[in-house]
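Visitor:
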Amino acid sequence: MKYNDYFGPYGGRYVGEVLRKPVLELEQAYQDAAGDPEFWKEFDAVAATFIGRPTPLLFAENTTRQIGGAKIYIKMEGLAHTGAHKINNAVGQALLARRMGKTRIIAETGAGQHGVATAAVCAKFGLTCRVYMGEVDIRRQRPNVFWMELFGAEVVPVSSGTRTLKDAVNEAYRDWSESFPDTHYLLGSALGPSPYPDMVREFQSVIGRELETQIAREGLDVEALVACVGGGSNALGFFAPFIDKESPRLIGVEAGGRGRGIGEHAARMTGEGRLGIVQGYKSMFLLDDEGQVQLTHSVSAGLDYPGIGPQLAHLGASGRVEFTRALDTDALEAVKTFARNEGVVFALESAHGGAEALRLAASLGKEKAVVVNMSGRGDKDIFISARELDPENWFSFLAREAAEYESQKKSGEKA
Ligand SMILES: *Cc1c(COP(=O)(O)O)cnc(C)c1O
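Residue numbers (the working numbering): 1310 to 1724.
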């Protein structure tokens, strides 16, 4: 099996002395497992029965007719269990952890999607689970905290730094440096020190392998594959079987947020990103003049990480993957378009890809096809989408719920 710790100049394992041992042990265990057909047989069995694979490829028929250009197809990855592609990687790493004899899992989470997937998988495999999450994110993403705890995970609030994802990552590393004899760190995207970028892509490439079969079955002339890019795991998994080929075009869509300017977006590959070494790997980051990580913004909580995985940075530099950005408003419009036309709700992250697919299809001929990866479904976003798209009804609903709770509490106190 081909294994990479560097992708061009990007990647590597820039960790302190204490973390060298667990990182190298993991690298060895991953290479052993990846070369063992029994491991993949087990992965496929869990994928079929627990994740719900394969996920369908849907022809967005009404949208295509409306636009009048290339056919738009949607890889329905959001139908995977727990609502997004994150579960593919969580299952793969949990199986690996079990094979290594680890009994405890730690993870970082930002929006909570990776935490939910990890907590679900730990419940299934009987592993102890602790998820580090910034205090700010805990406040913003209460519903996901509820699911993680229901699955039996311990959610630990992180109060250092900006109290968001990067601080949660730091806490997870701190834990791991003391706990690695029995603990696996289940990292959530195709970034971090080697072996994570290569390993996470490999677990996610189940998306692309299915897609390859589905494209052949439908006999599509695919012009481009489009995916949103946070750390890069859904995009790389989706692109994987096509990377070494000349076609189709591979397009990554970053969070354009509210527009240009520091703190307004999370676009690292379309101008503002700089080469740096952050949190264990060399790649493109949004950094200020002192080399500090910048603040970011996106309406989608899963796309606002300031760094990008090393393989995508390399594929961007070589030109194999093209990068573009979609604004918050473009993503919200795309959510509405696909919901009205197709009865499908894109996650806000995935809707960045959806927006680009709509734009691109309009410029192409009818014989072509564009496939967008719907990395997640939008149910989880109701607290954001509803306040953006229908604020009045949404807030009066929340106010009524809160009032009812208060009055129940009072009558309980009286009784
Ligand atoms: C986490 C997440 C992303 C971003 O992560 P990648 O590693 O870039 O895929 C995108 N879409 C959804 C639905 C997510 O939950």
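No residue lacks a Cβ here, since even glycine has one placed at the ideal position from N, Cα and C.
Which residue comes first and which comes last in the alpha helix (DSSP H) that contains Val1630?
Guide: First-last for Val1630: Val1630 to Leu1636, but that is the beta strand (DSSP E), not the alpha helix (DSSP H).
Visitor: Could you pull the start and end residues of the beta strand (DSSP E) that Ile1381 belongs to?
Guide: Ile1381 -> beta strand (DSSP E) spans Lys1380 to Lys1384.
Visitor: Using 8 angstroms as the Cβ pair cut-off and three pairs as the minimum, do the stretch 1665 to 1674 and the stretch 1394 to 1413 touch?
Guide: The answer is no - the stretch 1394 to 1413 does not touch the stretch 1665 to 1674, with fewer than three Cβ pairs under 8 angstroms.
Visitor: Measure the C-alpha to C-alpha separation of Gly1317 and Glu1326 and round it to an integer number of angstroms.
Guide: Answer to the nearest angstrom: the Cα atoms are 24 angstroms apart.
Visitor: For Val1425, which residues from the same chain have a beta carbon less than 7 angstroms from its beta carbon, with the 5 sequence-adjacent residues on both sides left out?
Guide: Excluding sequence neighbours, Val1425 sits near Thr1391, Asn1453, Trp1456 and Met1457.
Visitor: Buried or exposed for Thr1358, going by 16 or more other Cβ atoms inside 10 Å?
Guide: Thr1358 is exposed by the Cβ-count criterion.
Visitor: Identify whether Lys1591 lies in helix, strand or coil by the three-state DSSP scheme.
Guide: Three-state DSSP puts Lys1591 in a strand.
Visitor: Closer than 8 angstroms: is that where the CB of Gln1422 sits relative to any heavy atom of ligand 1?
Guide: Under cutoff, so the answer is yes.
Visitor: When we look at the beta-carbon of Lys1279 and count the other beta-carbons within 10 Å, is it buried (16 or more) or exposed?
Guide: Any question about residue 1279 goes unanswered here, given that the chain covers just 1310 to 1724.
Visitor: When DSSP builds the beta bridges, which residues end up paired with Leu1367?
Guide: Answer by DSSP bridge pairing, in chain order: Ile1383.
Visitor: Check whether the Cβ of Leu1595 sits closer than 8 angstroms to any heavy atom of ligand 2, and report yes or no.
Guide: Questions concerning ligand 2 fall outside what the structure shown contains, since the ligands it does hold are ligand 1.
Visitor: Determine the DSSP secondary structure at Phe1316, reduced to helix, strand or coil.
Guide: It is a strand residue.
Visitor: Going by other Cβ atoms of all chains shown within 10 Å of its Cβ, with 16 needed for buried, is Ser1468 buried or exposed?
Guide: Exposed: under 16 other Cβ atoms inside 10 Å.
Visitor: With which residues is Glu1563 paired in a DSSP beta bridge?
Guide: According to DSSP, which records beta bridges pairwise, Glu1563 is partnered with Arg1634.
Visitor: Using 10 angstroms around the beta-carbon of Ser1627, count the other beta-carbons present and answer buried if the total reaches 16, otherwise exposed.
Guide: Per the 10 Å Cβ criterion, exposed.
Visitor: When you compare each of Arg1374, Val1464, Glu1370 and Ser1705 to Glu1382 by their alpha carbons, which one comes out closest?
Guide: The question names Glu, but residue 1382 in the sequence shown is Tyr. Answer by Cα proximity: Glu1370.
Visitor: Going by the C-beta, is Val1454 closer than 8 angstroms to any heavy atom of ligand 1?
Guide: Flag unset: Cβ of Val1454 not near ligand 1.
Visitor: Taking the straight line between their C-alpha atoms, what separation do you get for Tyr1441 and Ala1708?
Guide: Cα-Cα distance, rounded: 30 angstroms.
Visitor: In chain order, what residues of the same chain have a beta carbon less than 6 angstroms from the beta carbon of Arg1786, not counting five sequence neighbours either side?
Guide: Nothing about residue 1786 can be reported from this structure: the residues present for the chain run from 1310 to 1724 only.
Visitor: Within the same chain, show all residues whose beta-carbon is closer than 6 angstroms to that of Ala1622, passing over the 5 residues directly before and after it, in chain order.
Guide: Cβ neighbours of Ala1622 beyond the five flanking positions: Tyr1319, Ser1592 and Met1593.
Visitor: Measure the alpha-carbon distance for Thr1522 versus Phe1460 and round it to whole angstroms.
Guide: Going by the C-alpha atoms only, they are around 34 angstroms apart.
Visitor: Rounded to whole angstroms, how far is the Cβ of Ser1609 from the Cβ of Glu1665, which I believe are closer than 8 angstroms?
Guide: About 14 angstroms; that fails the 8 angstroms criterion.
Visitor: Would you list the residues sitting across from Thr1437 in a DSSP beta bridge?
Guide: BP columns for Thr1437 point to Arg1413.
Visitor: For a quick check, are the C-beta atoms of Asn1397 and Phe1512 less than 9 angstroms apart?
Guide: For Asn1397 and Phe1512, yes; Cβs fall inside 9 angstroms.
Visitor: Using the three-state DSSP reduction, which class does Phe1647 fall into: helix, strand or coil?
Guide: It is helical.
Visitor: Could you say which of Gln1450, Glu1386, Arg1629 and Val1430 lies nearest to Gln1402 if we only look at CA atoms?
Guide: If we check each option's Cα against that of Gln1402, Val1430 comes out closest.
Visitor: When you compare the CB positions of Leu1500 and Gly1616, do they come within less than 9 angstroms of one another, or not?
Guide: It is a contact, given that the beta carbons lie within the stated cut-off.
Visitor: Using the DSSP secondary-structure output, state which residues sit across from Met1508 in a beta bridge.
Guide: Paired residue(s): none; Met1508 is not in a bridge.
Visitor: When every heavy atom of ligand 1 is checked, does at least one fall within less than 8 angstroms of the C-beta of Val1538?
Guide: Within the cutoff, so yes.
Visitor: From the DSSP output, in three-state form, read off Leu1534 for me.
Guide: Strand at Leu1534.
Visitor: For Val1478, report the span of its alpha helix (DSSP H) as first-last.
Guide: Taken as a continuous stretch (DSSP letters only), the alpha helix (DSSP H) holding Val1478 covers Leu1474 to Ser1488.
Visitor: Check the DSSP bridge columns for Tyr1494 and list the partner residues they point to.
Guide: The partner list for Tyr1494 (beta bridge, DSSP) reads Ile1415.
Visitor: Please find out if some non-hydrogen atom of ligand 1 comes closer than 8 angstroms to the beta-carbon of Ala1643.
Guide: Ala1643 Cβ: outside cutoff for every heavy atom of ligand 1.
Visitor: Is the beta carbon of His1606 within less than 8 angstroms of some heavy atom of ligand 1?
Guide: No; taking the cut-off as 8 angstroms, the Cβ of His1606 has no heavy atom of ligand 1 nearer than that.
Visitor: Could you tell me whether the stretch 1550 to 1566 touches the stretch 1525 to 1536, using the rule of 3 or more Cβ pairs below 8 angstroms?
Guide: Yes, since at least three Cβ pairs between the stretch 1550 to 1566 and the stretch 1525 to 1536 fall closer than 8 angstroms, the two stretches touch.
Visitor: Taking Ser1503 as the reference, give the member of Tyr1614, Glu1334, Lys1723 and Ile1693 with the closest Cα.
Guide: The candidate whose alpha carbon is nearest that of Ser1503 is Glu1334.
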